[in-house]
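Those letters in the sequence shown? Residues -19 to -1, 1 to 223, by mature numbering (1 follows the signal peptide of the UniProt record, and there is no 0).
Ideal Cβ positions, reconstructed from N, Cα and C, are used throughout, including at glycine.
Everything numeric in this text was worked out from a predicted model, so none of it was measured.
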Amino acid sequence: MWLSGFLSFILCFLTFAIAQYWKRSWTDFHTAMMGMFYSMGGSGLFQVFCKWLIGGFRPHFLEVCKPDLSKLAGSGAGEGFGQIYYDRTICTGDPTEINDALQSFPSGHSNAAWAGLLFLFYYLNANLKLYSNRRTPYWKLLVVTLPVLVALLLSLSRLVDYTHHWYDIFVGGIIGCVYATLSWRMQYASIWDWRNNDLPLDFLEEEGDLRVSSSSKANHSDYNSKINAVESTSKSHEQVDP
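Spelled out as structure tokens, the structure:
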């Protein structure tokens, strides 16, 4: 899990930092980093509690357990009907590895990958304007979807090495996606609306509502021009006969 989380963090950090060559906005960098921390931190905490409460056998549990064959059925060491149920005392493997092999559900690697890299997907989509009122160059599609590919590969690698079941990976990914989506919307004005999905939000206590902050507007010098351009475009479309 730590390697997947570290890789997701590094990719997000480098992307946010490189983007400042063009954006030159501390507010944007700070907002993106905090959103990424919210996503990965919250989903990681959620996933850890699920592991403690549910857990389950990993696919390679028997390899790690190394059960003592002399204690199998018929030896009197088992419990229940036919004495076919055993506790972990039958294992002869390393106790630390056995503990890990009993915490399969959900996948921490999948969780960390999707929590970080889906947030990065939202960031790239918002800043490259993959969905907008203009035709988008093909290279933007490739760049924006690259984090999704990396997250998918990191997740499925745990299936290939028999460390997780498919449902561990699926649920871990769902948890990461939910936290990435919620964290993005906490930090930015929208998810898919190309007109303002790159604008950071500020919490206005006196109104109890999420609005675009004055500092965000100041750091985004093209904020007003964007809004005016959108309004002009909308009016021009309204004047054109269908």
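- Shown here, PHE42 sits in a helix according to DSSP, grouped into three states.
- Shortest Cα-Cα distance from VAL131 to any of TRP120, SER113, GLY154, ASP174 involves GLY154.
- CA-to-CA, the gap between PRO181 and PHE(-11) works out to about 20 angstroms.
- Distances from the alpha-carbon of LEU(-13) to those of GLY97, SER138, ASN177, GLN1 put GLY97 closest.
- A distance below 6 angstroms between beta-carbons, with the five flanking residues on each side excluded, links ASN177 to the following residues of its chain, in chain order: ALA170, SER171.
- For LEU26, the enclosing alpha helix (DSSP H) begins and ends at 7 to 34.
- TRP165 is not a Cβ neighbour of TYR112, given a cutoff of 8 angstroms.
- Nearest to TYR143 by alpha-carbon distance, out of LEU101, PHE38, ALA93, THR126, is PHE38.
- The residue from LEU26, VAL129, TYR2, ILE35 with its alpha-carbon nearest to that of ASN80 is ILE35.
- Inclusion of ASN106 and VAL129 in the CB contact set at 8 angstroms is not warranted, their separation being larger than that value.
- Taking 8 angstroms as the upper bound for CB-CB distance, ASN108 and ASP179 are in contact here, some 5 angstroms apart.
- Looking at the DSSP output, GLN84 bridges to GLY37.
- Taking C-alpha positions only, CYS46 is separated from LEU26 by approximately 27 angstroms.
- Between GLY(-15) and CYS31, the alpha-carbon positions lie close to 17 angstroms from each other.
- The alpha-carbon of GLU78 is positioned some 42 angstroms away from that of ASP9.
- Per DSSP, the unbroken beta strand (DSSP E) holding ASP183 starts and ends at 182 to 185.
- With distances taken between CA atoms, PHE100 lies nearest to MET14 out of PRO76, MET14, LEU137, ILE150.
- In the three-state scheme derived from DSSP, where H, G and I count as helix and E and B as strand, PRO48 is classed as strand.
- In terms of Cβ geometry, HIS146 and ALA82 do not form a close pair [threshold 8 angstroms].
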